[in-house]
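Note that my numbering has the sequence shown beginning at 357, numbered continuously upward. Ideal Cβ positions, reconstructed from N, Cα and C, are used throughout, including at glycine. One structure is given here, and the rest of the page talks about it.
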Amino acid sequence: MNRKIGLTGLLVASTLSMIGSRMTMVALPWLVLVSTGSAGKTGLVGAAELLPYVLACALGGPVVDRFGGRRISIAADLLSVVAVGAIPLLHSGGHLGFGALVGLVAITGALRGFGDTAKSGAMFPQVVAQSGVEMTRAASLVDGFRRGAGMTGALLAGPLIVWLGDAALVLAIDAATFGLCAVLIALLVRVPGRVEPADGEHEPYGQALHAGIRYLRGDKLVLGLMLILFVTNMLDQGASAVLYPLWARDIFGSAAGIALVGAPFSAGAVLGNIGFSILAPRLPRWILFSVGFLIAGAPRFFFLAADSPGWAIAVLGFVNGLAIAAVNPILSAVFYERIPEEMQGRVNGIASAVAFAGMPIGALLAGWLGELGVEIALIAFGVLYLGATIAPFIGRFWREMDRRPARSVAAEPELVTV
357 MNRKIGLTGL
367 LVASTLSMIG
377 SRMTMVALPW
387 LVLVSTGSAG
397 KTGLVGAAEL
407 LPYVLACALG
417 GPVVDRFGGR
427 RISIAADLLS
437 VVAVGAIPLL
447 HSGGHLGFGA
457 LVGLVAITGA
467 LRGFGDTAKS
477 GAMFPQVVAQ
487 SGVEMTRAAS
497 LVDGFRRGAG
507 MTGALLAGPL
517 IVWLGDAALV
527 LAIDAATFGL
537 CAVLIALLVR
547 VPGRVEPADG
557 EHEPYGQALH
567 AGIRYLRGDK
577 LVLGLMLILF
587 VTNMLDQGAS
597 AVLYPLWARD
607 IFGSAAGIAL
617 VGAPFSAGAV
627 LGNIGFSILA
637 PRLPRWILFS
647 VGFLIAGAPR
657 FFFLAADSPG
667 WAIAVLGFVN
677 GLAIAAVNPI
687 LSAVFYERIP
697 EEMQGRVNGI
707 ASAVAFAGMP
717 IGALLAGWLG
727 ELGVEIALIA
737 FGVLYLGATI
747 APFIGRFWRE
757 MDRRPARSVA
767 AEPELVTV
């Protein structure tokens, strides 16, 4: 069991961090929306976090490969305690202007970009190799824990805002989770030491970054996946940061409506992840990915736009969660299996940046469309999402997802006990 302690530590740390981050995803846009009454400013704050996040993912990969994922992860989490904690602190004293909020959110986004690249891009493949768990199964476990944490955060956020009476106070909880995450990584996660070049000369930053770009350009499947994720992440972020809060305020009438959208989805995804983690090594990836993404994507926007009853929204959310359960684990496994270990940080960082590059646009687009009407915005997002999720059915290269390199299986697959 000792060889699994690193994966266990990473799972627990990521779970705690996700609970706090998901609560902030609800509390921050609600804070801006009730403070300013502007959907446009709400979208601007969302973009202010995501643009630095994308840049940090794109440019931080060589830094992570140079100094090591564990070291960068701990440093980013500790600095995030300060950046996130400053928001409720300044707000409580009446010193948090809109400009200061945007600045702190931007810093937080950059730190999160470095931290996510270090954890998911560099450390995760290493701790999985140490644990002996099959890659797709390990990715499913991580995704399941993160979705469970997301469900918990979504369930807690709305009631906490109501109970505390101030959305800014919820961000203090997020700051604490960053601190716990840093401690857990420091105590439990050990990764192999970096191999220093024989001549003592490290690969120049620009050369390392270009090598990552060159690798990605040569992989048609990875390029296609990144383009799909560019669109879907853009739309998901716009929905989470702007449209769901706007729908909750204008149609549902309470911040608790955000939980109605997110919690059943997370519950379905968690249950789906449990099943997928057991069956992952034997299931075909391409069909699960393609059909699951198609079901989980566009329908929710159309249901919300139609002012469907609460029970229907909850049921659809649960079904969507079941459908999406295999998507992220398959994506992660495909990326980790195809990318050389010594390039994981930079390649995954650049890939994440491309996939997330549309997210600031999504927040701004949702804010602009939201000014025209929440129903119009939801329908537009649904149509765009439908177009993106049809793509995996066009072209045979998508079926390369079903190839499983032998190096991805480190030992007899078995579940991790946490």
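Closer than 6 Å by C-beta to residue i: which residues in its own chain qualify, once you throw out the five before and the five after it? Chain order, please.
{"i": "Leu-446", "result": "Leu-452"}
{"i": "Leu-366", "result": "Val-483 and Val-545"}
{"i": "Leu-494", "result": "The residue you asked about is not Leu; residue 494 is Ala in the sequence shown. Hits under 6 Å: Val-484."}
{"i": "Gly-701", "result": "Gly-417, Val-420, Asp-421, Gly-477 and Ala-478"}
{"i": "Leu-660", "result": "Trp-603 and Leu-734"}
Distance check for residue j and residue i, CA to CA, integer angstroms please.
{"i": "Leu-527", "j": "Val-419", "result": "28 Å"}
{"i": "Phe-753", "j": "Leu-581", "result": "11 Å"}
{"i": "Arg-502", "j": "Ser-391", "result": "30 Å"}
{"i": "Leu-457", "j": "Ala-383", "result": "13 Å"}
{"i": "Ser-646", "j": "Leu-678", "result": "14 Å"}
{"i": "Leu-627", "j": "Ala-619", "result": "13 Å"}
{"i": "Gly-568", "j": "Gly-609", "result": "47 Å"}
{"i": "Leu-400", "j": "Asp-758", "result": "40 Å"}
{"i": "Val-388", "j": "Glu-756", "result": "44 Å"}
{"i": "Gly-648", "j": "Asp-499", "result": "15 Å"}
{"i": "Ile-717", "j": "Arg-378", "result": "20 Å"}
{"i": "Ala-766", "j": "Thr-398", "result": "Low local confidence applies: a pLDDT of 37 at Ala-766 is under 50, so the model's placement there is unreliable, with the coordinate-based value given in what follows. Cα to Cα, Ala-766 sits roughly 46 Å from Thr-398."}
{"i": "Ala-485", "j": "Trp-642", "result": "24 Å"}
{"i": "Ile-614", "j": "Leu-572", "result": "37 Å"}
{"i": "Ala-623", "j": "Lys-360", "result": "26 Å"}
{"i": "Ala-554", "j": "Ser-688", "result": "Bear in mind that the predicted position of Ala-554 carries a pLDDT of just 48, short of 50, making it too unreliable to give a figure here."}
{"i": "Leu-415", "j": "Gly-521", "result": "39 Å"}
{"i": "Val-489", "j": "Leu-672", "result": "33 Å"}
{"i": "Leu-728", "j": "Leu-616", "result": "24 Å"}
{"i": "Leu-639", "j": "Val-437", "result": "41 Å"}
{"i": "Arg-468", "j": "Ile-706", "result": "15 Å"}
Under the assumption that residue i contacts residue j (Cβ atoms under 8 Å), give the Cβ distance between them as a whole number of angstroms.
{"i": "Asn-704", "j": "Thr-473", "result": "7 Å"}
{"i": "Ala-625", "j": "Ile-680", "result": "6 Å"}
{"i": "Gly-562", "j": "Ala-478", "result": "Incorrect: roughly 20 Å between the Cβ atoms, too far for contact."}
{"i": "Val-730", "j": "Ile-607", "result": "7 Å"}
{"i": "Phe-621", "j": "Asn-684", "result": "Incorrect: roughly 13 Å between the Cβ atoms, too far for contact."}
{"i": "Gly-362", "j": "Ser-429", "result": "12 Å between Cβ atoms; not a contact."}
{"i": "Phe-737", "j": "Gly-594", "result": "7 Å"}
Which residues in the same chain as residue i place their Cβ atom closer than 7 Å to its Cβ, once the five residues preceding and following it in sequence are excluded?
{"i": "Ala-711", "result": "Met-582, Leu-585, Phe-586 and Asn-589"}
{"i": "Ile-375", "result": "Ala-505, Thr-508, Gly-509 and Thr-533"}
{"i": "Asp-663", "result": "Ile-607"}
{"i": "Ile-732", "result": "Leu-725"}
{"i": "Arg-605", "result": "Leu-389"}
By a C-beta neighbour count over all protein chains shown, 10 Å radius and 16 as the cutoff for buried, is residue i buried or exposed?
{"i": "Trp-386", "result": "buried"}
{"i": "Val-786", "result": "This structure cannot settle anything about residue 786, because the visible part of the chain is limited to 357 through 774."}
{"i": "Glu-748", "result": "The sequence as given places Pro at residue 748; Glu does not occur at that position. Buried."}
{"i": "Ser-596", "result": "buried"}
{"i": "Arg-656", "result": "buried"}
{"i": "Ser-448", "result": "exposed"}
{"i": "Ile-695", "result": "buried"}
{"i": "Pro-665", "result": "exposed"}
{"i": "Ile-750", "result": "exposed"}
By Cβ distance, which residues of its chain are closer than 8 Å to residue i, with the 5 residues on each side in sequence left out?
{"i": "Leu-777", "result": "The shown model of the chain, from 357 to 774, leaves out residue 777, and the question about it has no answer."}
{"i": "Val-772", "result": "Confidence at Val-772 is low in this model, with a pLDDT of 30, below 50, so the placement of that residue should be treated as unreliable; the coordinate-derived value is given next. So the qualifying residues of the chain are Lys-360, Leu-363, Thr-364, Leu-367, Ser-487, Val-489, Ala-494 and Leu-497."}
Note to self: Suppose only complete runs of 4+ residues qualify. What are the alpha helix (DSSP H) ranges in the region 444-486, listed by chain order?
What the structure shows: 454-472
| said: Which runs of the alpha helix (DSSP H) at least 4 residues long sit entirely within the region 706-770? Give them in chain order. | reply: 715-728 and 730-746
Fill in: In chain order, each alpha helix (DSSP H) run of at least 4 residues that lies wholly inside the region 550-628
561-573, 576-594 and 600-603
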